[in-house]
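Student: First residue of the sequence shown: 75, per the numbering used here; consecutive thereafter. From the three backbone atoms N, C-alpha and C, an ideal C-beta is built for every residue, glycine too. Values in this document were obtained by computation on a predicted structure and should not be read as measured data.
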Amino acid sequence: MNKEYSLDEYVNIINNYLETAIGECNFGEDIVHNAMKYSLGIGGKRIRPVLVLEFCRICGDIQKALPFAAAIEMIHTYSLIHDDLPCMDDDDMRRGMPSCHKKFGEEYALLAGDGLLTAAFERISQGCLQGLYDSETAISAVSALSCLAGSRGMIGGQVVDLLNENNPDADFETLQLMDSLKTGALIEAACVLGCIAAGANEDEFNAARTFAQNIGLAFQIKDDILDVTSSLEKLGKLTGSDTQNGKSTYVTLMGVEKCQELVEKLTEEAMNSLNEFENNEALKAYAEYLAHREN
Numbered sequence: 075m076n077k078e079y080s081l082d083e084y085v086n087i088i089n090n091y092l093e094t095a096i097g098e099c100n101f102g103e104d105i106v107h108n109a110m111k112y113s114l115g116i117g118g119k120r121i122r123p124v125l126v127l128e129f130c131r132i133c134g135d136i137q138k139a140l141p142f143a144a145a146i147e148m149i150h151t152y153s154l155i156h157d158d159l160p161c162m163d164d165d166d167m168r169r170g171m172p173s174c175h176k177k178f179g180e181e182y183a184l185l186a187g188d189g190l191l192t193a194a195f196e197r198i199s200q201g202c203l204q205g206l207y208d209s210e211t212a213i214s215a216v217s218a219l220s221c222l223a224g225s226r227g228m229i230g231g232q233v234v235d236l237l238n239e240n241n242p243d244a245d246f247e248t249l250q251l252m253d254s255l256k257t258g259a260l261i262e263a264a265c266v267l268g269c270i271a272a273g274a275n276e277d278e279f280n281a282a283r284t285f286a287q288n289i290g291l292a293f294q295i296k297d298d299i300l301d302v303t304s305s306l307e308k309l310g311k312l313t314g315s316d317t318q319n320g321k322s323t324y325v326t327l328m329g330v331e332k333c334q335e336l337v338e339k340l341t342e343e344a345m346n347s348l349n350e351f352e353n354n355e356a357l358k359a360y361a362e363y364l365a366h367r368e369n
């Protein structure tokens, strides 16, 4: 049986790896590197890299997956930096701290996001060059991550979000499409990358994707619930903005109680998909944690 890790252990492993992942400055570009490190380092639950490592663990050795875990957190962080910009969501706070553009300026925040995006693929290629995995594994990881983070995945979801920004009548199907791309695609990438690192079989890949699709939608619905039931102190960002802006959300369509029921249903379906894996108790517990989180 592979060694099991607690959530805190995983977060520490990821944080320690990320501390050295950006590297040092060579040509005076300190401000961009500092902005990249700032945004990577201000916390978060590290959900995506945890999923990378845990899916790898139940199939193999997590050491192979560390560059993949770092890469997906870099891409997630770049997306948050860009989401917070005035041309997008215009948010001043992120994880209880000033957004990257509020601390470093819009121009450097934009570049920091671009820097993290490209650094993600550098991490994957470096892992191959260091002998952690072969070139076929690296190519598979780059292919999966670039597809799910790109215009057919996470970026595509942001486009759907922008197109419906002033549409208070957006229906459930529109929200589901948006979130399956904007949120779900990167969660799917995390689960798939863990399987790639471990050399999983086809049935395990399919089960990981099913888990990700259900947990991704449950995660976004839970976010909508927290936006109306939580506080700045708990979430680390302003709450209620969607309601104030007249934006259609799962809560405005269904109400808090029905939304939580759907979160529970999706979480159960996600956990059922894990029966393809042995030693799946930690992943099931993590799914339950995400369904009942308070921030």
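Provide the residue span of the alpha helix (DSSP H) that contains H175, from first to last.
Tutor: In the sequence shown, the residue the question calls residue 175 occupies position 101. 174-178 is the span of the alpha helix (DSSP H), which, as asked, contains H175.
Student: Which value, in whole angstroms, describes the spacing of the CA atoms of L348 and I105?
Tutor: The count along the sequence shown starts at 1 and reaches residue 348 at position 274. The count along the sequence shown starts at 1 and reaches residue 105 at position 31. Answer to the nearest angstrom: the Cα atoms are 43 angstroms apart.
Student: Can you grab the Cα-Cα spacing for the pair D166 / D208, in whole Å?
Tutor: In the sequence shown, residue 166 corresponds to position 92, counting from 1. In the sequence shown, residue 208 corresponds to position 134, counting from 1. The alpha-carbon atoms of D166 and D208 are separated by roughly 42 angstroms.
Student: Considering R283, what are the terminal residues of the alpha helix (DSSP H) in which it resides?
Tutor: Along the sequence shown, read from residue 1 onward, the residue named residue 283 stands at position 209. Counting along the chain, the alpha helix (DSSP H) containing R283 begins and ends at 276-303.
Student: Are there 16 or more other CB atoms within 10 angstroms of the CB of Q287, so buried, or fewer, so exposed?
Tutor: As a position in the sequence shown, residue 287 is number 213, starting the count at 1. So Q287 ends up on the buried side.
Student: For A281, which residues from the same chain have a beta carbon less than 6 angstroms from its beta carbon, with the 5 sequence-adjacent residues on both sides left out?
Tutor: Within the sequence shown, residue 281 is the residue found at index 207, counting from 1. Hits under 6 angstroms: S347, E350.
Student: Leaving out the 5 sequence neighbours to the left and right, which residues in its chain are closer than 6 angstroms to A145 when beta-carbon positions are compared?
Tutor: By one-based count along the sequence shown, residue 145 stands at place 71. Within the same chain, A145 has close Cβ partners A194, R197, I198.
Student: When DSSP builds the beta bridges, which residues end up paired with M171?
Tutor: Position 97 of the sequence shown, counted from the first residue, corresponds to residue 171. Secondary-structure assignment with DSSP links M171 through a beta bridge to R168.
Student: For the structure I just gave you, are there three or more beta carbon pairs, one from the segment 251-269 and one from the segment 218-225, closer than 8 angstroms?
Tutor: yes
Student: Find the nearest neighbour of N108 within the set L300, D157, H175, judged by alpha-carbon distance.
Tutor: One-based indexing of the sequence shown puts residue 108 at position 34. Proximity to N108 across L300, D157, H175 peaks at H175, based on C-alpha coordinates.
Student: Note down, in chain order, each residue of its chain lying with its Cβ closer than 6 angstroms to the Cβ of Q232, except the 5 sequence neighbours on either side.
Tutor: Within the sequence shown, residue 232 is the residue found at index 158, counting from 1. Exclusion of the five residues before and after Q232 leaves K256 as the residues of its chain whose Cβ lies within less than 6 angstroms of its Cβ.
Student: Exposed or buried, what is S153 when buried is set at 16 or more other beta-carbons lying within 10 Å of its beta-carbon?
Tutor: Working through the sequence shown from its first residue, we reach residue 153 at position 79. By the neighbour-count rule (16 or more Cβ atoms within 10 Å), S153 is buried.
Student: What first and last residue would you give for the alpha helix (DSSP H) that runs through I270?
Tutor: Numbered from its first residue, the sequence shown carries residue 270 at position 196. Annotation: the continuous alpha helix (DSSP H) that includes I270 extends over 258-272.
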